[in-house]
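Notes for the one structure printed next.
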Amino acid sequence: MDFRYIAVEGPPGVGKTGLAEWLAQNLEGRTLLEQKDNPFLDKFLAGEPGAAFQTQIFFLLNRYRELAALAQRELFSQTQISDFILAKDKIYAYLGLDDAELMLYEKIYGPLAGEVPAPELVVYLQAPAEVLSRRLRARSEARFPEEEDLRDIVRAYDYFFFHYTVTPLLVVSSAEVDFSEPHADLAALLQEIRLMPRGTRFYVPAKVSAE
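Residue numbers (my numbering): 12 to 222.
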């Protein structure tokens with residue numbers, strides 16, 4: 012199928028942004044990359060009361076603005092590749108907010124979700140928490156979750172996409188292949204995307220060694 016809007020998703024360290032950039036280059040498309048700056052994040056990491064909700068709402072509104080701007084583009088004149096979907100925000104909200112905060116969050120999230128374009132295909136990159144933790148350390152990321160927190164995030168992502176039926180979904184195992192690396196078998200993955208039918212499909216790439 013000829014997809015004009017593809018979203019790449021997955022937990023931290025899985026290679027979303029690198030794959031999104033590569034796909035945009037090879038499909039002659041444009042990228043929409045998530046803006047990760049958040050003025051409330053330090054307070055949240057320090058455990059300040061109320062900071063979790065402030066942090067989550069800031070991320071939600073940022074993601075909404077980016078995707079709402081995408082709706083204004085001429086989607087069918089050039090392929091769009093993003094490294095996030097709006098529902099990502101909800102995954103993290105249910106991990107970090109209490110019941111009262113979630114009730115208010117849902118009142119804000121619901122109307123916004125109906126105003127952003129849905130991707131025509133989601134590529135979900137999967138990898139175990141220990142693999143993601145190792146990759147994040149190797150990249151010298153300034154901030155990344157502890158391995159136990161990564162396990163919770165991975166479980167939440169897997170649960171969400173196990174029940175995902177909104178768009179065609181390509182689930183890609185990246186436990187053995189880091190798609191942010193130049194030697195990854197990206198051409199084979201691109202062929203899987205081009206042949207992707209409706210519904211859900213699983214793809215386990217062959218491991219390619221760096222020369």
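C-beta: ideal position from N, C-alpha, C; glycine also.
Predicted, not measured: the structure shown is a model, and the values here were computed from it.
Beta-carbon contacts of Lys213 that lie in its chain and below 6 Å, excluding the five residues immediately before and after:
The displayed chain sequence assigns Phe, not Lys, to residue 213. Around Phe213: Val182.
Short Cβ contact (8 Å threshold) for Leu143 with Val25
Yes, the Cβ-Cβ distance between Leu143 and Val25 is below 8 Å.
Am I right that Tyr116 and Ala104 are in contact with their C-beta atoms under 8 Å? What's the rounded C-beta distance?
5 Å
In the DSSP assignment, what are the bridge partners of Asp182?
According to the sequence provided, residue 182 is Val. The question's Asp does not apply to it. DSSP, once it has assigned bridges, lists Tyr135, Phe213 as partnering Val182.
Does the separation of the CB atoms of Arg15 and Gln91 fall below 8 Å?
Yes; because the gap between Cβ atoms is below 8 Å, this pair is in contact.
What's the C-alpha gap between Pro130 and Pro23?
20 Å
Report the three-state DSSP secondary structure of Gln91 (helix, strand or coil).
strand
Assess contact between the segment 147-167 and the segment 200-210, defined as three or more Cβ pairs (one per stretch) separated by less than 8 Å. Is contact present?
Contact check between the segment 147-167 and the segment 200-210: fewer than three CB pairs, one atom from each, fall below 8 Å, which does not count as touching.
If you run the structure through DSSP and keep just helix, strand and coil, what is Arg41?
strand
Outcome for Phe173 when other beta-carbon atoms lying within 10 angstroms are tallied against a minimum of 16
exposed
Ignore the nearest five residues each way along the sequence and tell me which others in Ala18's own chain have a CB closer than 6 Å to its CB.
Ser93, Ile96, Pro130, Val133
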